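Student: Chains as they are written, first to last, in my numbering: chain G, 51 to 375; chain F, 2 to 270. Quick one: structure below, then a few questions.
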Amino acid sequence: MILYTARRLVGAAGILLVICALTFAVFYLMPADPAQGACGKACSPERIAQIRATLGLDQPLPTQFAAYLGGIVAGRTYGSLECGFPCLGFSFQTNQPVWDALTSRLPTSVSIAAGAALLWLLVGCTAGVVAALRRGTVWDRAAMIAALGGVSLPIYLTALLSQYVLVVQLGWLPYPREVALTDDPVGWFQSMLMPWCTLAMLYAGVYARITRSEVLENLGRDYVRTARAKGLPEVTVLRRHALRPALMPVVTIFGMDLGALLGGALITESVYGLPGVGKLAADAINSADQPVILGVTLFAAAFVVLANVAVDLVYALLDPRVRTV
Amino acid sequence: MSLLSVRGLTVDFPSGVRAVDGLDLDVEAGRVLGVVGESGSGKSVTSLAVLGLLRNARVSGEIRFAGQDLLSLGPKAMRALRGDRMAMVFQDPLSCLNPYYPVAFQIAEAYRAHRRASRKAAHALAVSMLERVGIPEARRRARSYPHEFSGGMRQRVMIAMALCLEPDLLVADEPTTALDVTVQAQVLDLLRDLRERSGTAIMLITHDMGVVAGLADDVVVMHGGKRVEAGPVREVFHSPVTAYTRGLLDCVPRVDGPLPHRLPTVEVP
C-alpha cells in the first residue's frame, strides 16, 4: 500500500513536469512578446530591452524553463525584484505575484466546487439509484428526462436565467458577491446558492445516468443472485452487493470533476462575477497576461493530477483487487 | 413423502420461451438426485425456480418443499427458507462470489441472515466451515478475497457458504463445470463426504454423466424442458428406456470397452 502510494505520487510529479514544459513552450513560443506585454503601451525600445533582460527573455528557451522551474521550487529574482517560493512570476497587469493572486482567489473556487459537488453527488446518485431500482416506471423516465435536461442546458444560460429570475424579478436572493464563510455565513450561503445549483444541475445529470447504468449492470451480476440465494434481506442485497460496486466508476469521475473544478469554474465564476480562480483565468486571457495564464494552467493541472492520485488511493481502499497491483 | 416434490412445473419467459414444460421430479430426504440434459434443456431454470430466484418469469405448477407449497409463499417466507433450509451452489464460483468482501464475511453474512449471532461468532463459524470444506490454514485464509483463491478453493468456499446453516436441500447447479478435471474430482469427493456426514439431500444439476454416476442415487433426464426419463441411476444407466437417454449415454466416451471410431452425437427424438 505504501509502495502503491509512492508510485502514484512519483507518477503524478512526472506528469506535472510534462504539463509544465508543454504549457511553458506554448506560451513562450506564441507570437505575442511578453516584454511588450509587461511594459504596456507606448514603450521605448530601450525599456523593452531592459525588461527582456530582467525577465530573462534573451536567454535560450531551455534556460528560461529551468529558471521558471527553479522559481517554483526555490523562488527567484527578476533583476532586483524578489519573487519568493513558490514563484510563478508577476502579473503584467497588476504586478502582483501570480502565486498570491491564485491563493487569494482559491477560497471562492473551493466554496463553489465543494458545495456544488456535495449537491450533485446527493441528487445525481440518488436519482440514478431510484431510476435503476424503478426501471421502466414513471420515476425512471422522469429522472432520466431531468438528467438529460441538466446535461443539455449550458451554464451560461442557466446562470443568467437564474440570476434574472431569482435576483432581478423575484428578489429572493442578493447578487452573488465574494463573502468569506467565516465573516458572514448567511451571506456566503446566499451568494453561493445559485452557483452551486447551476453547476450541480450540469453534473447531477451525468452522475444520474452513470449511476443508473452501473446499478442496473450490477443488479444482473452473479454475486447479487448469490446474495439472494443466501436469503439476505433485499435491502442488504442492494446496499451491500449491488450499490457498492456500482459506485466505483462514480468515484473515478467524481475525483476528476472535483479536481478540475477546484482549478476554477470559469464560466460560472464569470457569469456570477465571483472572483475565483476561473475568473482570474478569464481576465488574464482577456488581457493577455501570460504569467497569470501559465500559472492558472499549472495550478488547475496540479489539482486534476492530485485528484487522480486521490482517486487511485480511494480505489485501492474500496477494491481489494487493486491493492495487489 | 419427498423432501422436494415438483409437479407440472412450467416456466415461461416474457420473450415467449417456455424453458420448462410440465416437469415432475422428486428429491428424497438425504438422497442425491441428478438432473441431466444438454444445454438449454431447462435444468438451471428448474433449480432457480425451486429457490424462487427467477425474476421476470411466469412459474406455474407445484413445488412442494417439506410439505409447503413454495409458489404460494410470499417473498418474505421464501427468503427465510433460502439459505437456511435450502441452499444453492452455482457454476462459476468467481463471478458468484462478491470480489469486494473477504470470503469469511460472505459466509458469515449468510449465517447472520438467518440466526442471531455476533460478528465474531459468525466469523468463527465461517472459519470452521472453511476448515470443514478443506481450506488449508483456514484461519488466515478467511480474510482473503475471492480473487486470491484458486477455482477449486472458490468452489469450496461456495459450498461452505451453502452448508453453513445445514440446509435440508442443497441445489448444486453444475458445481464442477467451471473447474479442471482433478479439481472436479476433489469437489465431488467433498460433496459426497458432506452428504454422508450431514445427510443433506442434493439436487445435482449437470450435463456430465460421470458426475451423476459418481454421486447421484436417482436421476432425471431432461430434454426441451420436459422430463424424458427418471429412476434410480443404476437402472437408467444400464437399461435406458427412451432413445434420447440412450443417445445421451452413447455420447460419453468410455475408458473400458472398445473405442468407437467417432463419438456419436445426440439424435433429437
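Every residue gets a Cβ at the ideal spot worked out from N, C-alpha and C, and that includes glycine. As the structure is a prediction and not an experimental result, all values here were calculated from the model.
Taking 7 Å as the threshold (beta carbon to beta carbon), is residue 184 (chain G) in contact with chain F?
Tutor: no
Student: Residues of the stretch 260 to 289 of chain G in Cβ contact with chain F at a cutoff of 9 Å, in chain order, please.
Tutor: 271, 272, 273, 274, 275, 276, 277, 278, 279, 280, 281, 282, 283, 284, 286
Student: Output needed in chain order: residues of the stretch 343 to 374 of chain G with a Cβ under 7 Å from some Cβ in chain F.
Tutor: 369, 370, 371
Student: Closer than 8 Å is the cut-off here; do at least three beta carbon pairs connect the stretch 59 to 77 of chain F with the stretch 5 to 13 of chain F?
Tutor: yes
Student: Using DSSP's beta-bridge definition, name the partner residues of residue 6 (chain F).
Tutor: According to DSSP, residue 6 (chain F) bridges with F:27, F:65.
Student: So for residue 128 (chain G), helix, strand or coil by DSSP?
Tutor: strand
Student: Quick one: Cα of residue 115 (chain G) to Cα of residue 92 (chain G), how far?
Tutor: Whole-angstrom Cα-Cα distance: 29 Å.
Student: I want to see whether chain G comes within less than 7 Å of residue 48 (chain F), judged by CB atoms only; does it?
Tutor: no
Student: Are the C-beta of residue 15 (chain F) and some C-beta of chain G separated by less than 7 Å?
Tutor: no
Student: Give me the chain F residues within the contact set of residue 299 (chain G), using Cβ-Cβ distance strictly less than 8 Å, ordered along the chain.
Tutor: Simply none; closest approach about 14 Å.
Student: Considering only the alpha carbon of each residue, which of F:49, F:12, F:102 lies closest to residue 79 (chain F)?
Tutor: Considering only alpha carbons, the answer is F:49.
Student: Which full runs of the beta strand (DSSP E) of 3+ residues lie inside the stretch 132 to 191 of chain F, going along the chain?
Tutor: 170 to 174
Student: By the 10 Å Cβ neighbour count, where 16 or more other Cβ atoms means buried, how is residue 329 (chain G) classified, buried or exposed?
Tutor: Residue environment: residue 329 (chain G) is assigned as buried (16 or more neighbouring CB atoms within 10 Å of its CB, all protein chains considered).
Student: Pick from F:42, F:215, F:35: whose alpha carbon is nearest that of residue 20 (chain F)?
Tutor: Out of F:42, F:215, F:35, F:42 has the C-alpha closest to the C-alpha of residue 20 (chain F).
Student: Using beta carbons (cut-off 7 Å, strictly below), is residue 97 (chain F) in contact with chain G?
Tutor: Using beta-carbon distances, residue 97 (chain F) counts as an interface residue toward chain G, with a partner under 7 Å.
Student: Does any residue of chain G have a CB that is nearer than 7 Å to the CB of residue 54 (chain F)?
Tutor: yes
Student: Find the residues of chain F that neighbour residue 295 (chain G), judging by a C-beta separation of less than 7 Å, and give them in chain order.
Tutor: 101
Student: For residue 84 (chain F), return the contacting residues in chain G, with the cut-off set at a CB-CB distance below 7 Å.
Tutor: Simply 279, 280, 281.
Student: Establish whether the CB of residue 114 (chain F) and some CB of chain G are separated by less than 7 Å.
Tutor: yes
Student: Inspect the CB distances between the stretch 96 to 109 of chain F and the stretch 138 to 151 of chain F and report whether three or more fall short of 8 Å.
Tutor: yes
Student: Opposite residue 97 (chain F) in the DSSP bridges: which residues?
Tutor: Beta-bridge pairing links residue 97 (chain F) to no other residue.
Student: Use the C-beta contact count for residue 253 (chain F): other C-beta atoms within 10 angstroms, 16 or more gives buried, fewer gives exposed.
Tutor: exposed
Student: Could you tell me the distance, in whole angstroms, from the CA atom of residue 175 (chain G) to the CA atom of residue 86 (chain G)?
Tutor: 51 Å
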